[in-house]
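Student: Residue numbers (my numbering): 26 to 184. Glycine included, C-beta positions come from ideal geometry on N, C-alpha and C. Nothing here was measured: the structure is a model prediction, and the numbers come from that model.
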Amino acid sequence: MTQQGPENLEGELVATDAKVAIVTARFNEFITDRLTVAAINTWERLGGKAENLTSAHVPGAVELAVTAKKLAETGKYEAVICLGCVIRGETDHYDHVVDQSAIGIREVGVQTGVPCIFGVLTCDTLEQAIDRAGTKMGNAGRSAMMTAVEMANLLKKIK
C-alpha cells in the first residue's frame with residue numbers, strides 16, 4: 026500500500042496570467058522610482074503582460090493603504106503591491122508613518138482577501154534606503170513583485 030504525502034500548495038513565479046497593481050508613494054521619489062522600475066522589470070522577466078499591470082502613484086506612505094484597498098475591491102487584481110520609502114528624521118513622525126502604513130497595508134489584504142504586499146522601506150538613514158533600492162541589499166521592488174506573483178498563483182490554487 027502506498028502512502029501519499031500531504032497536499033503541497035505553492036505559488037509559482039510565473040506572471041503570464043496574473044493581474045497585479047502597484048501603488049507607489051512619491052515621497053522620497055528618488056528611491057521609490059527605483060523600486061517601481063525594479064518591480065516592473067521583474068514583472069516582465071516573469072512573463073507578465075503590460076495590459077495586466079497597473080501603476081498608481083500617491084503622495085506618501087500613509088496614502089498607500091486606502092489606494093490599495095480601492096484597487097483590491099475592484100476585483101480586477103490578484104495582488105496589490107505597495108512601494109514607499111520612509112527615512113527616520115529627528116522627530117517621532119517616522120514612527121507614526123511607519124506604523125500607520127504597515128497596519129493599513131496588512132489590513133487591506135486581510136479585509137479584501139487580495140494579497141497586499143508591503144514594499145515600504147523603513148530606514149534609519151538615506152544610505153540604508155539607497156542600499157535597499159538596488160545597490161548593495163537587492164531591491165525591495167523586485168522582492169515585492171516576486172511575492173505578489175507567488176501569492177497570486179498560490180491563492181488561485183486554494184480557490
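Can you give me the Cβ contacts of Gly-123 inside the same chain, cut-off strictly under 6 Å, excluding the 5 residues immediately before and after it?
Tutor: Checking the sequence shown, residue 123 turns out to be Val, not Gly. Answer for Val-123: Val-111, Thr-147, listed in chain order.
Student: First and last residue of the alpha helix (DSSP H) that includes Ala-75?
Tutor: Counting along the chain, Ala-75 falls outside any alpha helix (DSSP H), and DSSP gives it neither H nor E.
Student: Looking only at C-alpha atoms, which of Gln-125, Gly-114, Ser-168, Val-174 sits nearest to Ile-149?
Tutor: Reading the sequence as shown, one finds Asp at residue 149 and not Ile. Comparing Cα positions, the closest option is Gly-114.
Student: Assign Thr-137 to buried or exposed, taking buried as 16 or more other Cβ atoms, counted over all protein chains shown, within 10 Å of its Cβ.
Tutor: buried
Student: Please list the terminal residues of the continuous alpha helix (DSSP H) segment that includes Thr-92.
Tutor: 89 to 98
Student: Please work out which residues of its chain come closer than 7 Å, Cβ to Cβ, to Glu-35, disregarding the five sequence neighbours upstream and downstream, and give them in chain order.
Tutor: Leu-179
Student: May I have the straight-line CA-CA distance separating Val-105 from Ala-169, to the nearest angstrom?
Tutor: Approximately 10 Å between the Cα atoms of the pair.
Student: Flag this pair as yes or no: are the beta carbons of Glu-103 and Lys-44 separated by less than 9 Å?
Tutor: Taking 9 Å as the Cβ cut-off, Glu-103 and Lys-44 qualify as a contacting pair.
Student: How should Glu-152 be labelled, buried or exposed, when 16 other C-beta atoms within 10 angstroms of its C-beta is the threshold for buried?
Tutor: Under a 10 Å Cβ-count criterion, Glu-152 is classified as exposed, with fewer than 16 other Cβ atoms of the shown protein chains found around its own Cβ.
Student: Any heavy atom of the ligand GDP closer than 8 Å to the beta-carbon of Glu-115?
Tutor: Questions concerning the ligand GDP fall outside what the structure shown contains, since it holds no ligand whatsoever.
Student: Between which two residues does the beta strand (DSSP E) carrying Thr-49 extend?
Tutor: 45 to 50
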